[in-house]
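Presented below is the structure to which this report refers.
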Amino acid sequence: YREYFRALAQVTKRPVFVQTSGGARDLAPTVDLMVDLAREFPHAAYIKEESAPLLDRMAAELTRRPPLKGVFGASYADGWLFEMRLGLDGVMTGMAMYADLMARMWALHVRREAETLRDAYSKFLLMRNMNDQVPGSDLYVMQKRGIFKTTTTRTGGAAAWKPKRATLAPEAIAEIEYRFAALKPYLRG
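Heads up: the sequence shown begins at 33 in our numbering, then just goes up one per residue.
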């Protein structure tokens, strides 16, 4: 890991985020390794933390500022409310369909509007777990919000790419709409 991230940091001066998952299975970069990297390359002082024990790692990283400049959560923002209260710098997540909601929740956090933030986050979680219950819900919301024109996605990897369209039952769509309605006060347009 050290040599990989050093090589990456050497070829750019732009900020580098170390994502702690996605490499070798069950082998996350240590906090000490990331701190050493940040000392050597100040532009590589940002962490997208996704490895267990998640909260312990985040707490350790937060105590290492400087040289670390930013610690971010991920995991589809499943733990973001707690992470904000711990002092993380934000979230990097696959929730593009809720970008406005994420910005709103961060603003509520910064303004210390805890009750409103908790309400918004709880309504977000209702939508977040919808995709676990009904695969394709996130695609439906992406289309509903005008981010994509269809619910078609790719499957099979790069070598055997095949399009697949998410088809949802009317009952599933009704449930998505029911839950989505609770979010409307927190969304733009």
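All C-beta atoms, glycine included, are put in the ideal place defined by N, C-alpha and C.
In this text, all values refer to a predicted model and were calculated from it rather than measured experimentally.
The three-state secondary structure of residue 181, taken from DSSP, is coil.
A direct Cα-to-Cα measurement between residue 54 and residue 137 gives close to 27 Å. Rounded to whole angstroms, residue 66 and residue 173 show a C-alpha spacing of 36 Å. Excluding the 5 residues flanking it on each side, residue 152 has same chain C-beta neighbours closer than 6 Å at 137, 218, in chain order. In the DSSP annotation of this structure, the continuous segment of the alpha helix (DSSP H) that includes residue 155 starts and ends at 146–165. In the structure shown, the three-state DSSP call for residue 101 is coil. Apart from sequence neighbours up to five positions away, the residues of its chain that approach residue 163 with a beta-carbon distance below 6 Å are 169, 170, ordered along the chain. In this structure, the straight-line span from the alpha carbon of residue 133 to that of residue 139 is close to 10 Å.
Boundaries of the alpha helix (DSSP H) around residue 176: 169–176. Excluding the 5 residues flanking it on each side, residue 112 has same chain C-beta neighbours closer than 6 Å at 105, 123, in chain order. Per the C-alpha coordinates, the member of 40, 84, 156 positioned closest to residue 129 is 156. With fewer than 16 other beta carbons inside 10 angstroms of its own, residue 150 counts as exposed.
DSSP places residue 130 within a helical segment (H, G or I) once states are collapsed to three. In this structure, the CA atom of residue 83 is about 13 Å from the CA atom of residue 92. Taking 4 residues as the minimum length, the alpha helix (DSSP H) runs contained wholly in the segment 71–127 are 86–94, 112–118, in order along the chain.
In the structure shown, residue 216 falls within a helical segment according to DSSP collapsed to helix, strand and coil.
Collapsing the DSSP output to three states places residue 202 in a helix. Pairing residue 159 with residue 212 gives a Cβ-Cβ distance under 8 Å.
The residue from 45, 62, 77 with its alpha-carbon nearest to that of residue 52 is 62.
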